Amino acid sequence: MSAPATHDPVAVTTADGTSWVRRAVTRDGRGLYAVDGSCKCPEFLMATLAELAEHGIQGMADVLPVPVPVGPEPLSAERLAEITARADAATAGPWCTDAWEIYQGAEYVPGISFWIGETCRGTSELGQDRADAAFVAAARSDVPALVAEVRRQAARIAELEAERHSTNEALDDAVQALRAAQDRITDLEESPLAWAEELDSKSLDNFLIALAAATEYEPLSGAVDEIHQLVRAFRKAAQAQDEREPDVDGAGRTYESYYPERSVKASGDHLYRVSHDLPETGAQEDGPDEDRLLNEDELRRALRGHLFGGGS
Numbered sequence: 347m348s349a350p351a352t353h354d355p356v357a358v359t360t361a362d363g364t365s366w367v368r369r370a371v372t373r374d375g376r377g378l379y380a381v382d383g384s385c386k387c388p389e390f391l392m393a394t395l396a397e398l399a400e401h402g403i404q405g406m407a408d409v410l411p412v413p414v415p416v417g418p419e420p421l422s423a424e425r426l427a428e429i430t431a432r433a434d435a436a437t438a439g440p441w442c443t444d445a446w447e448i449y450q451g452a453e454y455v456p457g458i459s460f461w462i463g464e465t466c467r468g469t470s471e472l473g474q475d476r477a478d479a480a481f482v483a484a485a486r487s488d489v490p491a492l493v494a495e496v497r498r499q500a501a502r503i504a505e506l507e508a509e510r511h512s513t514n515e516a517l518d519d520a521v522q523a524l525r526a527a528q529d530r531i532t533d534l535e536e537s538p539l540a541w542a543e544e545l546d547s548k549s550l551d552n553f554l555i556a557l558a559a560a561t562e563y564e565p566l567s568g569a570v571d572e573i574h575q576l577v578r579a580f581r582k583a584a585q586a587q588d589e590r591e592p593d594v595d596g597a598g599r600t601y602e603s604y605y606p607e608r609s610v611k612a613s614g615d616h617l618y619r620v621s622h623d624l625p626e627t628g629a630q631e632d633g634p635d636e637d638r639l640l641n642e643d644e645l646r647r648a649l650r651g652h653l654f655g656g657g658s
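So the sequence shown is residues 347 to 658, counted in our numbering.
Printed below as a string of C-alpha cells:
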C-alpha cells in the first residue's frame with residue numbers, strides 16, 4: 347500500500363518566525379507539521395497547514411534548506427536573528443507539557459491538542475504557548491550552534507591577543523632603538539668635536555698637528571676661518587671612515603685645497619700635514635729652535651687637554 351500523496355509544502359514558516367517541517371500525511375492528503383528540530387512525536391500532536399495558516403504564514407518551501415553547519419563556520423546573521431526572535435517571543439518559563447482528555451466512563455480519551463512548552467505558572471494565550479513550544483523545540487539545534495559560535499569567537503580572540511602581544515614586543519624593540527638613537531644624537535650635539543672622539547690615536551695626532559699649524563695664520567680672523575675649514579675636512583673624513591667608505595686620497599685632496607701651501611703626508615690610512623716650518627724629523631741640523639713655543643709632544647698634550655680635558 348503506497349503512502350498518501352499530498353500537495354502541501356515540505357516546510358512552512360509562520361508569521362512569528364517559527365519553522366515547521368512536514369512529518370506525516372493524513373489519509374485524505376493533508377500534511378501534518380511539527381516544529382523544525384523537535385523530536386519524533388505522535389501525529390495527533392502535529393498541526394495541519396490550515397491550523398498554521400490561522401497564525402499567519404510567512405513562507406513555504408517544497409524542499410528543505412541545507413542545514414546550517416555547526417563548527418568553526420561563523421554563525422550567520424540570519425540564523426542568529428531567528429534564534430533571537432524565538433528567545434524574545436518565549437516566556438521566561440518554566441515550561442511543561444499538557445493535554446486535555448475527555449472522560450467517558452472508565453476511559454480517558456486523549457484530546458485533539460497537546461501543547462509543548464505551556465507556561466506552568468498561571469494561564470497563557472494559545473499564541474504564547476506556541477511561541478514557548480517553538481523555543482523549546484528549537485533549543486536542541488540552537489544551543490549547539492550558539493556554543494560553537496562562542497568557542498569560535500573565543501579562539502579568534504586568543505589569536506588576536508597573541509598577535510597583539512607579538513606586535514607590542516616588536517614595537518617596544520623599535521622604541522628602545524629609537525631612544526638609543528636619540529640619546530646618541532643628544533650626546534653628539536652636546537659635544538661639538540664628538541667626531542674627533544671616533545678617530546684612532548694616530549688620526550687624532552694628525553688632526554692636532556694640523557690644528558696647531560692653522561693657528562699660525564695672520565690676521566686672527568684668517569686663522570679662525572682656517573680652523574673652521576680644517577674641522578670640516580677632518581669631520582668629513584671621519585664620517586667616511588665611520589661608514590666604512592674611507593676616501594683617503596679624496597680627503598687628502600680636500601685638505602690640499604684648503605692648504606695648498608702645506609705638504610700633506612700619508613701614513614697608512616692616516617692623514618696629517620706638516621707646516622713649512624715644522625721639522626720632518628725630531629731635530630734640525632742647526633740645533634733646537636729656541637723661538638718655538640712648544641715642541642710637537644708638548645703641543646699635542648696641550649691640545650688634547652684643551653679639547654678633551656686630559657693629556658695623551
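Every residue, glycine too, gets a C-beta built ideally from N, C-alpha and C.
Every value quoted in this text rests on a predicted model; they were computed, and no experiment measured them.
{"Query": "What does DSSP give as the partner residue(s) for Arg368 in the beta ladder?", "Result": "Tyr379"}
{"Query": "Alpha carbon to alpha carbon, how far is Ile403 from Asp488?", "Result": "22 angstroms"}
{"Query": "Helix, strand or coil for Gly568? Go by DSSP, reduced to three states.", "Result": "helix"}
{"Query": "May I ask you to report which of helix, strand or coil DSSP gives Ala583?", "Result": "helix"}
{"Query": "Three-state secondary structure (DSSP) at Thr352?", "Result": "coil"}
{"Query": "Pairing CB atoms from the region 560-569 with CB atoms from the region 540-549, are three or more of them under 8 angstroms?", "Result": "no"}
{"Query": "Cβ-heavy atom distance between Arg376 and the ligand HEM below 7 angstroms?", "Result": "Absence of the ligand HEM is noted for the structure shown, with no ligands found whatsoever."}
{"Query": "To the nearest angstrom, how far is it from the Cα of Val496 to the Cα of Glu505?", "Result": "14 angstroms"}
{"Query": "Skipping 5 residues on each side, what residues in its chain have a beta carbon closer than 6 angstroms to that of Arg368?", "Result": "Val356, Gly377 and Tyr379"}
{"Query": "Within 10 Å of its beta-carbon, does Leu557 have 16 or more other beta-carbons around it, so buried, or fewer, so exposed?", "Result": "buried"}
{"Query": "By DSSP, does Ala436 sit in helix, in strand, or in coil?", "Result": "coil"}
{"Query": "In three-state DSSP terms, what is Thr561?", "Result": "coil"}
{"Query": "Out of curiosity, what's the CA-to-CA distance linking Thr360 and Thr352?", "Result": "20 angstroms"}
{"Query": "Looking at the strands, I want to know which residues DSSP matches up with Val489.", "Result": "Looking at the DSSP assignment, Val489 forms no beta bridge with any residue, so it has no partner."}
{"Query": "Can you tell me whether Asp595 is buried or exposed? The criterion is at least 16 other CB atoms within 10 Å of its CB, across all chains shown.", "Result": "Note that Asp595 scores a pLDDT of 43, beneath 50, so its modelled location is shaky; the value from the coordinates is reported in the next line. With fewer than 16 Cβ atoms within 10 Å of its Cβ, Asp595 is classed as exposed."}
{"Query": "How many Å lie between Leu524 and Ser512 at the Cα?", "Result": "19 angstroms"}
{"Query": "Label Val521 either buried or exposed according to how many other C-beta atoms from any shown protein chain fall within 10 Å of its C-beta, with 16 as the threshold for buried.", "Result": "exposed"}
{"Query": "Between Arg425 and Ala484, how many whole angstroms is the CB-CB distance? I'm expecting something under 8 angstroms.", "Result": "Going by Cβ atoms, the distance from Arg425 to Ala484 rounds to 11 angstroms, so no, they are not a contact pair."}
{"Query": "Starting from the Cα of Glu389, find the closest Cα among Leu398, Val371 and Gln585 and give me that residue.", "Result": "Val371"}
{"Query": "Tell me which residues share the same chain as Arg599 and place their Cβ nearer than 6 angstroms to its Cβ, disregarding the 5 neighbours each side in the sequence.", "Result": "Since pLDDT at Arg599 reaches only 35, below the 50 mark, its modelled position is unreliable, and the value read off the structure follows with that caveat. Excluding positions up to five away in sequence, the list is empty."}
{"Query": "When you compare only the Cα positions, how much space is there between Leu517 and Lys582?", "Result": "34 angstroms"}
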